Amino acid sequence: METSLDFPARKVKALWNAWGMDRAAIIRAESQRLAEVLAATAPEATCPTCPDWNALDLLWHLTEVHWFWAQVLARGARTDGDIGAVEAAKPPRPTDVGELLALREDSTEALLAELGRLDDAEPRWSWCKPDQTVGFTRRMQTYEATMHRVDAELTAGVPVGPIAADVAAGALDHAVDVMWGWLPDGVHYEPSAVAEFVASDADARWLVEVGRWSAPSGRGAPRAVRASGGRPAVTVTAPVLDLALWAWTRGGSVAVTGEPSAEAALRDVVAAGMP
């Protein structure tokens, strides 16, 4: 769920919102770029940001993601039972590259068709319990397509293309407000520090509380959530594009300064990656 940035970034975000973000165009363009890059890449090339995947695994991943969410929207899925039916209907992974590319295109267009006919407020299942809406899917797929396009370029060894400032800022919002904040039931959460992300090219800042949750079983993981205040113990400064890439573990050149323990806690959050 997107929220406004901390002041003075609200002014910047207001301008970005006034310009508007054509999420459908972003999803289509980023997905097409991913497909074009991977079609020209050795199938066995390893994806450096997802080392368990090769180029074709990455292509299949975006294909099945788009197919899945198109079905969630089209079927009006609201419950875990509905999702079971969606999963049961998933097509097999094509073994032919041409067929996989065609299925990717069809799946992306099916997703965009559903997003085009539905309003953000309409209820639909998502893995994010606080946001069971079409809007969650629209936002999530904007950033997922963008970051996987970056994955494709890194896999191919070609220069990473630009990301618009509003998309980069939204991706960092999404990391802070959705991706890093997951907390299982019945666990204990202990905050450890406040971190600050500063966009050197946009006069925008994000305050983030970092910590760790633990379960009675001994299981635990780093966690971060939006902070409402507090003195930052560690600061990450970079252009907004680099902040987004760094937060999503896709590179990015950033300057990190502050208390060593707070820096370590923040790096633990980032290194844990996205669920």
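Per our numbering, the sequence shown starts with residue 250, numbered consecutively.
All C-beta atoms, glycine included, are put in the ideal place defined by N, C-alpha and C.
Quantities reported herein were computed from a predicted structural model and do not represent experimental measurements.
- When DSSP states are grouped into helix, strand and coil, Thr-312 belongs to the helix group.
- Contact between the region 317-325 and the region 271-283 is not established, with fewer than three Cβ pairs separated by less than 8 angstroms.
- Taking each of Asp-329, Arg-342, Ile-412 and Pro-408 in turn and checking the Cα distance to Asp-306, the smallest one comes out for Arg-342.
- The shortest C-alpha to C-alpha distance from Arg-272 to any of Leu-349, Thr-386, Thr-498 and Trp-309 is the one to Thr-386.
- The beta carbon of Ser-375 sits closer than 7 angstroms to those of Gln-381, Phe-385 and Thr-386, all from its chain and outside the five residues before and after it, given in chain order.
- Closest option to Pro-411, judged by alpha-carbon separation, among Gly-419, Val-399, Ala-405 and Thr-404: Val-399.
- Scanning Gly-406, Pro-340, His-437 and Glu-508 for the CA closest to the CA of Leu-287 turns up Gly-406.
- If you ignore the 5 residues before and after Val-335, its C-beta comes within less than 8 angstroms of the C-beta of Phe-317, Gln-320, Val-321, Arg-324 and Ala-326, all in its own chain and listed in chain order.
- For Pro-300, the closest alpha carbon among the candidates Thr-498, Leu-492 and Ala-487 is that of Thr-498.
- In this structure, the straight-line span from the alpha carbon of His-310 to that of Ile-275 is close to 18 angstroms.
- According to DSSP, residue pairing for Val-447 in a beta bridge involves Arg-454 and Thr-486.
- Nearest to Leu-364 by C-alpha distance, out of Lys-378, Leu-349 and Met-389, is Met-389.
- Beta bridge pairing from DSSP links Tyr-438 with Trp-462.
- Rounded to whole angstroms, the gap between the alpha carbons of Pro-440 and Ala-511 is 11 angstroms.
- Ala-304 is a Cβ neighbour of Ala-291, given a cutoff of 8 angstroms.
- In the DSSP annotation of this structure, Gly-330 is not part of any beta strand (DSSP E); the continuous alpha helix (DSSP H) holding it starts and ends at 329-337.
- Inclusion of Ala-401 and Ala-442 in the CB contact set at 8 angstroms is not warranted, their separation being larger than that value.
- In the DSSP annotation of this structure, the continuous segment of the beta strand (DSSP E) that includes Arg-472 starts and ends at 469-475.
- Counting along the chain, the unbroken alpha helix (DSSP H) around Thr-386 starts and ends at 383-405.
- Taking C-alpha positions only, Gly-460 is separated from Trp-302 by approximately 30 angstroms.
- Separation of Leu-492 and Ala-448 (C-alpha to C-alpha, rounded to the nearest whole angstrom) is 7 angstroms.
- The beta-carbon separation of Leu-403 and Thr-298, rounded to 6 angstroms, stays under the 8 angstroms limit for a contact.
- Per DSSP, the unbroken alpha helix (DSSP H) holding Val-518 starts and ends at 509-521.
- Separation of the CB atoms of Ala-453 and Val-489 is rounded to 7 angstroms, and the pair is thereby assigned contact status at 8 angstroms.
- When rounded, the separation of the alpha-carbon atoms in Asp-331 and Arg-480 is 45 angstroms.
- The distance from the Cβ of Arg-472 to that of Gly-430 is about 7 angstroms, consistent with a contact at the 8 angstroms cut-off.
- Non-local C-beta neighbours of Cys-296 in its own chain, meaning closer than 6 angstroms and more than five positions away in sequence, comprise Trp-302, Leu-307, Asp-400 and Thr-404, ordered along the chain.
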